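Chains as they are written, first to last, in the UniProt record's numbering: chain A, 1 to 404; chain B, 1 to 404; chain C, 1 to 404. Even for Gly, the Cβ is constructed at its ideal location relative to N, Cα and C. Keep in mind it's a predicted model, so treat the numbers as computed, not measured. Quick notes on the structure that follows.
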Amino acid sequence: MGQVAWKGLFLSLFDYKTEKYVIAKSKKVGILYRVVQLSILAYLVGWVFIVKKGYQDTDTSLQSSVITKLKGVAFTNTSELGERLWDVADYVIPPQGENVFFVMTNLIVTPNQRQATCPESDRIPDALCYKDGDCMAGEAVVAGNGVKTGRCLKDRDNIRGTCEILAWCPVEKRSKPKYSPISAAVVVYDVQAKRETRWISLFPTCRMNVLATNNESYLKSCRYSTEHPYCPIFLLGSIVQWAGSDFQEMASEGGVIGIQIEWNCDLDKAASECNPHYSFSRLDNKFAEKPISSGYNFRFAKYYRDAEGIDYRTLIKAYGIRFDVMVNGKAGKFNIIPTIINIGSGLALMGAGAFFCDLVLLYLIKKSNFYRGKKYEEVKSSSRKSLSSPTLNGNQSPDQVGGL
Amino acid sequence: MGQVAWKGLFLSLFDYKTEKYVIAKSKKVGILYRVVQLSILAYLVGWVFIVKKGYQDTDTSLQSSVITKLKGVAFTNTSELGERLWDVADYVIPPQGENVFFVMTNLIVTPNQRQATCPESDRIPDALCYKDGDCMAGEAVVAGNGVKTGRCLKDRDNIRGTCEILAWCPVEKRSKPKYSPISAAVVVYDVQAKRETRWISLFPTCRMNVLATNNESYLKSCRYSTEHPYCPIFLLGSIVQWAGSDFQEMASEGGVIGIQIEWNCDLDKAASECNPHYSFSRLDNKFAEKPISSGYNFRFAKYYRDAEGIDYRTLIKAYGIRFDVMVNGKAGKFNIIPTIINIGSGLALMGAGAFFCDLVLLYLIKKSNFYRGKKYEEVKSSSRKSLSSPTLNGNQSPDQVGGL
Amino acid sequence: MGQVAWKGLFLSLFDYKTEKYVIAKSKKVGILYRVVQLSILAYLVGWVFIVKKGYQDTDTSLQSSVITKLKGVAFTNTSELGERLWDVADYVIPPQGENVFFVMTNLIVTPNQRQATCPESDRIPDALCYKDGDCMAGEAVVAGNGVKTGRCLKDRDNIRGTCEILAWCPVEKRSKPKYSPISAAVVVYDVQAKRETRWISLFPTCRMNVLATNNESYLKSCRYSTEHPYCPIFLLGSIVQWAGSDFQEMASEGGVIGIQIEWNCDLDKAASECNPHYSFSRLDNKFAEKPISSGYNFRFAKYYRDAEGIDYRTLIKAYGIRFDVMVNGKAGKFNIIPTIINIGSGLALMGAGAFFCDLVLLYLIKKSNFYRGKKYEEVKSSSRKSLSSPTLNGNQSPDQVGGL
């Protein structure tokens with residue numbers, strides 16, 4: 001018996017086995033099934049493949065190196081500094097033009113600071129005192145500029161004074177900067193954001209955001225705008241405006257602006273169609289409502305040494321606009337695996353659809369009972385008693401069963 | 001015949017065809033199949049959908065812009081510098097508060113260096129000499145500070161000396177820095193890591209790591225801790241401690257600490273549930289065992305010009321802690337395509353399960369032989385001789401076959 | 001009737017239902033189907049699983065922190081500066097050794113600039129003038145160094161002059177720098193690119209590009225090369241050469257070079273097999289053909305203050321090589337979900353293959369007509385008139401149909 005089974009198994013290897021189907025002449029279910037099939041097909045072709053490009057393998061890991069360069073000068077006339085001209089070496093920090101750069105548009109200058117003792121600013125609560133005992137020697141002033149010496153300095157006929165501190169003296173005046181003169185001229189700055197982006201994994205040939213042109217004068221004279229989407233030269237003022245901010249307010253308070261470059265490349269098309277899309281957004285606006293640091297500023301110092309070899313410095317609290325160039329990309333390329341997976345899942349859905357229609361056919365329509373009998377053929381060996389009810393008997397005549 | 005075939009094909013378009021099933025009253029296999037089905041269902045629903053959120057499309061490309069700000073002062077009293085107070089403009093490099101910032105906690109100062117000739121440090125093997133011939137003029141000292149002039153300088157009654165070099169003189173003393181006084185005060189620094197992260201592709205609305213509160217005093221006074229997970233203000237000392245390092249050792253030797261911010265967002269839930277998770281780790285600890293640069297340090301110089309217009313500089317070898325704020329994120333959003341794919345693959349598995357149970361039914365159980373006959377209905381046209389053995393004959397009565 | 005149906009439904013729960021198959025003894029189709037099956041299997045096992053590692057979940061989000069350090073000195077002898085020795089504090093900008101660093105190899109020095117009035121460079125078209133009227137007072141010179149004062153300065157017996165400007169005077173000579181002496185020595189620099197990369201999501205244990213060795217002398221003396229792929233020390237000259245550029249040209253004009261580190265890790269294998277692959281490429285070469293900034297350079301200034309407390313500065317236009325260390329990685333780990341998805345899609349394809357073979361069997365081969373009759377069993381209830389043609393009648397004997 002077993003041997004015959006193996007023989008049968010082997011023979012059957014090169015037979016073609018195909019499911020036996022029952023044709024149910026129920027137009028209702030038939031049309032229902034066609035509808036299911038068509039909708040699945042529409043989803044697969046229309047949505048998955050045409051809209052979502054499901055046949056592509058996408059890569060979002062983008063390596064980019066950003067080169068930025070600023071041009072332009074600004075003229076200011078302030079009480080502390082007098083007439084002064086600012087060029088890139090003065091207002092661009094850091095100078096080397098990476099993807100994050102800062103343009104100083106306003107500043108508080110505290111010149112000639114020396115290591116000495118002086119009264120702490122009276123704007124700092126922790127420095128207020130009535131007697132020397134309030135200033136514990138050696139204790140740092142919380143959120144202050146130095147370390148207390150232990151003395152409480154008062155102007156005559158004042159009860160309240162401020163602690164004396166060891167610090168860079170005189171301390172910075174905590175006055176909010178008035179409207180900045182630099183920003184008046186800042187609109188003439190250009191950000192020559194010359195970007196170089198490369199795909200590592202999918203995109204060997206390097207792509208640029210600079211229009212591939214040999215027209216020198218165009219690249220020298222153009223300014224980025226909706227009309228010139230591939231011109232790499234931006235006006236600072238326009239960027240701030242595109243980010244939806246007011247330039248004057250940003251220039252005096254400082255802020256952070258993100259320049260987002262999106263590459264959305266379909267590598268199945270020509271590389272020339274893979275172009276950048278820019279978007280500008282203010283990154284620090286959320287903070288505006290928050291106590292901690294509305295705007296953007298930081299302190300740095302220029303160090304000098306006088307004839308006696310004593311160090312002194314000019315402390316600069318720089319307000320300005322920080323620009324973060326953020327390159328983001330997605331590249332899609334045809335790949336057999338996601339294609340197969342999407343097709344496969346679609347086919348599997350068809351099976352689910354058939355199962356659903358079966359339920360309708362076998363349990364919901366009028367003659368479901370009859371079809372159930374046809375679909376399911378109950379078999380039992382003579383060795384056991386039949387459990388099947390006549391209606392379930394299917395298309396078996398007794399002699400067939402007995403025939404075994 | 002062909003015409004009839006096409007007619008049949010057309011008619012059948014709106015018939016519903018359903019597989020004909022054989023009901024094998026074998027409870028063994030039946031239960032086995034149910035078990036298989038249930039386990040697949042459990043895997044699909046429990047693991048894929050509930051645990052792994054297989055219905056979501058996830059995006060890991062996160063654009064982030066980090067703003068950091070430090071506060072605090074430190075007081076030192078060293079032989080080279082005397083009493084000195086350090087504020088942010090002194091110890092934060094670079095000053096502009098990006099995602100990578102360095103806090104100087106220890107330093108070797110070499111003041112008043114001028115371009116001149118002087119003996120190379122005797123700690124450098126390549127500079128040791130016995131006669132002038134050992135110092136080839138114009139040759140740079142390997143891992144040294146200058147270019148050899150060709151002379152070998154010896155203290156009197158010494159056989160061995162060091163080459164004279166053209167360099168910034170005097171050269172830096174290669175002495176390991178003693179315990180740093182700055183770090184004594186460094187624990188009062190705050191890193192006000194005010195971060196701004198944005199999803200480009202999936203997450204238009206910007207998310208912050210700052211608790212959305214209007215409580216000013218909270219954000220001014222809070223410190224990040226397990227109790228205050230959304231407070232953006234960190235104590236330097238705590239960060240180092242959380243990174244599992246000893247602050248004193250790091251402060252004197254320097255090191256790199258990574259502040260990792262993880263966003264793991266389920267965009268199907270409310271945005272307010274999308275919160276950052278911080279983790280702190282030391283990034284340079286591997287190097288501790290390695291010869292090349294345990295710790296972290298770099299050299300920079302402050303340039304001065306004396307009355308005669310001659311340049312001189314103060315060389316500073318800065319030891320300190322570099323902090324790398326690394327933002328990493330994952331956002332998941334419901335998407336029909338992965339959902340279908342996962343369901344589809346599950347259904348396909350069911351088919352595999354059925355195939356497996358068929359094998360059991362047809363070849364492994366006692367009456368497999370009988371079921372095989374039932375499942376496979378052998379058909380042959382009268383035109384060819386039957387190959388089928390009686391046992392494989394299935395449920396066909398001769399007249400049926402002959403009837404064609 | 002319905003009740004019987006439900007009874008049948010319940011009973012059938014623990015029956016095993018298996019599709020009834022028709023064995024078509026058509027070796028043609030049988031072999032065709034086997035071929036289809038085998039090719040799908042080959043694709044699934046060979047391509048998807050073995051080649052493409054379809055059983056793995058891959059993660060491309062890599063967090064990396066890069067530490068770089070340069071060593072070496074250079075000696076120059078120029079007219080402006082005389083004999084001068086350059087060390088890391090002089091030519092590395094910024095000094096703190098992050099993933100982007102710049103090595104100054106050439107420079108234009110403009111010493112002793114003061115805020116004053118002087119003629120604009122005559123290389124700037126906008127500054128050329130014939131009479132004072134050509135220089136509108138207060139107007140900034142386009143692409144120039146200052147703001148016009150309104151006067152037109154001419155050498156005697158010249159018709160054409162240049163506008164007087166308020167600026168840092170004297171202005172920089174726009175002369176292209178001659179071949180740079182620094183680069184002559186630059187080949188002795190080492191870039192000690194000591195990198196620390198970490199996987200956040202998939203790779204908890206940190207990985208390094210430094211060979212895990214305790215051999216001090218090796219790591220001190222080695223240089224990266226194809227023979228020493230895990231030595232973290234690079235010669236600047238070699239990097240430029242590997243990037244396919246000429247060092248002398250780059251050193252004098254400047255440029256940007258990308259050092260790409262690729263981690264392609266199979267986390268199912270030992271971590272020790274997860275090693276970095278380096279590639280070097282020039283990132284700014286595209287610009288070479290473009291008008292805007294061939295090469296790479298930027299301006300910065302050193303600020304001094306004289307005895308009278310007047311600021312003056314030395315402007316430096318620095319040409320040099322910027323290095324961008326870009327870490328990119330992919331980690332794959334076995335994951336049940338993609339495995340199931342790929343298997344599932346393969347199985348679904350099998351179904352498609354069967355469907356295709358059915359078409360052949362039922363409509364393309366000689367006896368298709370006969371097989372169609374066998375595969376499709378037409379059933380109709382006595383209540384409606386049979387539409388079926390005899391050939392489509394299938395294997396039903398009248399008494400069966402009448403029997404219901």
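One finds nothing in chain A with a Cβ atom closer than 8 angstroms to the Cβ of B/Tyr230; even the nearest lies about 12 angstroms away. In terms of Cβ geometry, C/Arg151 and C/Cys135 form a close pair [threshold 8 angstroms]. The C-beta separation of C/Glu377 from A/Ile365 comes to about 19 angstroms, leaving the pair out of contact by the 8 angstroms criterion. Contact annotation, C/Tyr55 with C/Pro338: C-beta distance approximately 7 angstroms; criterion of less than 8 angstroms satisfied.
In this model, B/Gly320 and B/Gly46 are separated by some 49 angstroms (Cα to Cα). Between A/Cys163 and A/Arg114, the gap from beta carbon to beta carbon reaches 8 angstroms or more.
Below the 9 angstroms Cβ cutoff, chain C contributes Ile337, Ile340, Ile341, Asn342, Ile343, Gly344, Ser345, Leu347 and Ala348 as neighbours of B/Ser345, in chain order.
Residue ranges of uninterrupted beta strand (DSSP E) with 3 or more members, entirely inside the segment 225 to 287 of chain B and ordered along the chain, are 233 to 235, 255 to 266 and 276 to 282. Linking C/Thr110 to C/Gly309 through their CA atoms gives a straight-line distance of about 20 angstroms.
Relative to A/Gln3, the option among B/Ile108, B/Val379, B/Asn369 and B/Lys269 whose CA is nearest is B/Asn369. The shortest CA-to-CA distance from C/Asp57 to any of C/Phe334, C/Ser279 and C/Leu359 is the one to C/Phe334.
Take the alpha-carbon of C/Arg34 and the one of A/Lys375: they are about 28 angstroms apart. In the pairwise beta carbon analysis, the segment 346 to 359 of chain B is classified as touching the segment 343 to 351 of chain C: at least three pairs are separated by under 8 angstroms.
One finds Ile337 in chain B with Cβ atoms closer than 7 angstroms to the Cβ of A/Lys52, taken in chain order. Taking a Cβ-Cβ threshold of 9 angstroms, none of the residues of chain C is close to A/Val109; the smallest such distance is about 11 angstroms. For B/Gly97, the neighbours in chain A by C-beta distance under 8 angstroms run, in chain order, Phe298. Looking at the backbone, the Cα of B/Phe300 and that of B/Tyr230 are separated by about 36 angstroms. When Cβ-Cβ separations below 8 angstroms define contact, B/Leu85 makes contact with chain A. Runs of the alpha helix (DSSP H) spanning 4 or more residues and lying entirely within the segment 8 to 55 of chain B occur at 27 to 42, in chain order. Of the residues assessed, C/Gln241 falls on the exposed side of the cut-off, its CB having fewer than 16 other CB atoms within 10 angstroms. Assigned with DSSP and collapsed to three states, C/Gly344 falls in helix. A Cβ of chain A is located within less than 8 angstroms of the beta carbon of B/Val73.
For the pair C/Tyr363 and C/Ala354, the Cα-to-Cα distance works out to about 14 angstroms. Here B/Phe102 is not near B/Thr68, since their CB atoms are 8 angstroms or more apart.
In terms of Cβ geometry, B/Ile233 and B/Arg223 form a close pair [threshold 8 angstroms]. In the DSSP assignment, C/Tyr130 falls outside any alpha helix (DSSP H) and carries neither an H nor an E. Taking CB atoms only, A/Asp157 has no neighbour in chain B less than 8 angstroms away. For C/Glu19, the chain B residues whose C-beta falls within less than 9 angstroms of its own C-beta are Glu19, Lys20, Tyr21, Val22, Ala354, Asp358 and Lys375, listed in chain order. Within the same chain, Cβ atoms closer than 6 angstroms to the Cβ of B/Arg84 are found at Thr76, the five residues on either side in sequence being excluded. Under the Cβ distance rule, B/Ser79 does not count among the residues neighbouring chain A, no pair being separated by less than 8 angstroms. Within the same chain, and ignoring the five residues on either side of B/Asp126 in sequence, the residues whose Cβ sits closer than 8 angstroms to its Cβ are Val141, Val142, Ala143 and Gly144.
About 6 angstroms separates the CB atoms of C/Leu361 and A/Tyr16; that is less than 8 angstroms, so the two are in contact. Per DSSP, reduced to three states, the secondary structure at B/Met136 is coil, with no helix or strand assignment. Here B/Tyr312 is bridged, per DSSP, to B/Tyr304.
By the rule that beta-carbons nearer than 8 angstroms mark a contact, C/Val29 does not touch chain B. Going by C-alpha positions, A/Leu267 is about 6 angstroms away from A/Gly332.
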